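Note that the working numbering gives residue 220 to position 208 of the sequence shown, counting from 1, and the numbers run on in steps of one. A short write-up of the structure that comes next.
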Amino acid sequence: MSDQVAINYLHTFLDRHPTRSFKKGEIIIFQGEAPRSAFVVKTGTVKAYNLSIGGDEKPVAFYSADAIFPGPWVYGTMSSAIYYYEAFSSEVTLYTINRDELTSFIKKRPELVYQELERYLTDQLGMSMRLNALQHSRASDKLLYTLHYLALSHGRPVAPQEIEINLDLTHQDFANLTGLTRETAATELNKLKHTGVITYGKGTPYRLYLNKLMQLLNDQYIADLPIKL
13 MSDQVAINYL
23 HTFLDRHPTR
33 SFKKGEIIIF
43 QGEAPRSAFV
53 VKTGTVKAYN
63 LSIGGDEKPV
73 AFYSADAIFP
83 GPWVYGTMSS
93 AIYYYEAFSS
103 EVTLYTINRD
113 ELTSFIKKRP
123 ELVYQELERY
133 LTDQLGMSMR
143 LNALQHSRAS
153 DKLLYTLHYL
163 ALSHGRPVAP
173 QEIEINLDLT
183 HQDFANLTGL
193 TRETAATELN
203 KLKHTGVITY
213 GKGTPYRLYL
223 NKLMQLLNDQ
233 YIADLPIKL
């Protein structure tokens with residue numbers, strides 16, 4: 013079974029189930045909540061995050077089409093959600109499915125199990141790249157490595173050496189992702205804009221120019237990682 017056939021097979025299954033819609037900023041699942049059902053993203057983007065003791069938001073992951081969440085609860089390793097899940101795009105539509113029915117369906121089809129494995133490996137790579145970004149001491153490096161992570165995990169090629177980030181991020185979102193203040197994140201983004209690493213504007217997505225981005229990364233091995241989207 014090819015990847016596309018497997019995806020179509022999954023969609024045929026999903027389309028038999030009800031959906032729920034959420035507006036940007038609506039909480040889908042609260043931290044510590046035991047969900048009533050598993051969720052699968054039909055359209056839009058969902059953000060998972062934690063809150064610091066001071067109430068600062070700490071984004072963990074973004075989920076787009078076909079992503080299943082909350083994974084640890086769905087697959088029975090946790091009794092409740094360990095993060096908040098919130099609608100990140102202007103409108104999010106989710107399939108709601110009994111988790112036992114969903115996991116039983118996936119387990120019977122090796123192609124879908126493999127797809128889930130690939131998804132979790134990609135998520136793991138993204139988390140390790142974000143950790144690498146946060147470990148840098150300079151604000152500029154934190155932002156550069158975060159942009160590299162976003163290019164790998166949430167980007168789409170639009171031209172040779174050009175990647176468009178598929179997330180509607182604000183300066184505050186970049187601050188939350190990097191642990192910087194909003195003002196510092198905005199300043200560093202503006203510097204990268206002037207050097208031609210990134211372009212953006214009101215109502216237009218962030219576009220990264222990979223050749224210039226890679227020249228600024230201090231880790232040659234990381235810089236040489238191929239962008240596979």
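Every residue gets a Cβ at the ideal spot worked out from N, C-alpha and C, and that includes glycine. Please read all numbers here as calculations on a predicted model, not as lab measurements.
Run through DSSP, which three-state label would residue i get?
i: residue 46; result: coil
i: residue 93; result: coil
i: residue 63; result: strand
i: residue 116; result: helix
i: residue 28; result: coil
i: residue 36; result: coil
i: residue 75; result: strand
Verify the CB distance criterion: does residue i have a CB-CB separation below 8 Å to chain C?
i: residue 40; result: Reference to chain C is not applicable here, since this structure consists of a single protein chain.
If I follow the unbroken alpha helix (DSSP H) through residue i, where does it start and stop?
i: residue 187; result: 183-190
i: residue 126; result: 122-147
i: residue 157; result: 151-166
i: residue 229; result: Where residue 229 is concerned, there is no enclosing alpha helix (DSSP H), given that its DSSP letter is neither H nor E.
Identify the residues that DSSP records as bridge partners of residue i: which are they?
i: residue 41; result: 97
i: residue 81; result: 51
i: residue 219; result: 176, 211
i: residue 171; result: 174
Give the range of the beta strand (DSSP E) segment to which residue i is assigned.
i: residue 108; result: 103-109
i: residue 211; result: 210-213
Where does residue i land, buried or exposed, given buried means 16+ other C-beta within 10 angstroms?
i: residue 142; result: buried
i: residue 39; result: exposed
i: residue 153; result: buried
i: residue 188; result: buried
i: residue 104; result: buried
i: residue 206; result: exposed
i: residue 225; result: buried
i: residue 42; result: exposed
i: residue 86; result: buried
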